[in-house]
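S.K.: Under my numbering, think of the first position of the sequence shown as 23, with each following residue one higher.
Backbone N, C-alpha and C fix where the C-beta goes; we use that ideal spot for every residue, glycine too.
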Amino acid sequence: MKKAFTWLEENDIQYHFHDYKKEPVSREKLQEWENKISWELLVNKKGTTWRKLSPEQQASVRDATSANDILLFNNSMIKRPVIEYPKGILLGFDEQEYSKTLR
23 MKKAFTWLEE NDIQYHFHDY KKEPVSREKL QEWENKISWE LLVNKKGTTW RKLSPEQQAS
83 VRDATSANDI LLFNNSMIKR PVIEYPKGIL LGFDEQEYSK TLR
């Protein structure tokens, strides 16, 4: 997240930071994101929170509805940062992708 914030600031791109820990993401917001990108991309399967789930819990995430249920229960499983821009969404930090898309 810090790299993304730094890049945005260095490139004079205004942004709004939504802190999931203080204000959870709504089901409506997840569905809005899923209209732009696949639900599979939103679930951070490399993170500690995902790895702490039982194999049964992991296997239960098989579609957008089940993904939303688990992401609403634990917002820390959402891949971050989520950058919303007029034409879509970027997930994670990729300097080349940011440069190509946001400049």
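(1) Is there contact here, the stretch 87-94 with the stretch 109-123, by at least three beta-carbon pairs under 8 Å?
(2) Can you tell me whether Ala26 is buried or exposed, with buried defined as 16 or more other CB within 10 angstroms of its CB?
(3) From Leu94 to Ser48, what does the alpha carbon distance come to, in whole angstroms?
(4) Can you list, in chain order, the residues of its chain with a C-beta nearer than 6 Å to that of Asn57? Leave out the 5 residues immediately preceding and following it.
(5) What residue range is occupied by the uninterrupted alpha helix (DSSP H) comprising Leu112?
(6) Might you give, ordered along the chain, the residues of its own chain that have their beta carbon closer than 8 Å to the beta carbon of Met99, omitting 5 neighbours on each side?
(7) Taking the C-alpha atoms as reference points, what is the distance between Thr123 and Trp61?
(8) Select from Asp34, Arg102, Val83 and Glu32 the residue whose C-alpha is nearest the C-alpha of Asp41.
(9) Can you tell me whether Ile105 is buried or exposed, with buried defined as 16 or more other CB within 10 angstroms of its CB?
(10) Which same chain residues, not among the five before or five after Pro46, have their C-beta less than 6 Å away from its C-beta?
(11) Does the separation of the CB atoms of Ile111 and Trp29 fall below 8 Å?
M.R.: So, from the data block:
(1) no
(2) Here residue 26 is taken as the residue at index 4 of the sequence shown, counted from 1. Ala26 comes out buried.
(3) As a position in the sequence shown, residue 94 is number 72, starting the count at 1. As a position in the sequence shown, residue 48 is number 26, starting the count at 1. Near 7 Å, if we compare the C-alpha coordinates of Ser48 and Leu94.
(4) Taking the first residue of the sequence shown as position 1, residue 57 is located at position 35. If we look at Asn57 and ignore the five residues flanking it on each side, it has no Cβ neighbours.
(5) For the purposes of this step, residue 112 is identified with residue 90 of the sequence shown, where counting begins at 1. First-last for Leu112: Gly110 to Leu113, but that is the beta strand (DSSP E), not the alpha helix (DSSP H).
(6) Counted from its first residue, the sequence shown places residue 99 at position 77. Closer than 8 Å at Cβ, skipping near neighbours: Val65, Asn66, Gly69, Thr71, Trp72, Ile92 and Leu93.
(7) Against the sequence shown, residue 123 aligns to sequence position 101. Against the sequence shown, residue 61 aligns to sequence position 39. Thr123 and Trp61: Cα-Cα distance of roughly 21 Å.
(8) Counting from one through the sequence shown, the residue named residue 41 turns up at place 19. Asp41 has its Cα closest to that of Arg102, out of Asp34, Arg102, Val83 and Glu32.
(9) The residue you call residue 105 lines up with position 83 of the sequence shown. Per the 10 Å Cβ criterion, buried.
(10) Within the sequence shown, residue 46 is the residue found at index 24, counting from 1. So the qualifying residues of the chain are Asn97.
(11) Mapped onto the sequence shown, residue 111 falls at position 89. Mapped onto the sequence shown, residue 29 falls at position 7. No, Cβ-Cβ distance for Ile111 and Trp29 is not below 8 Å.
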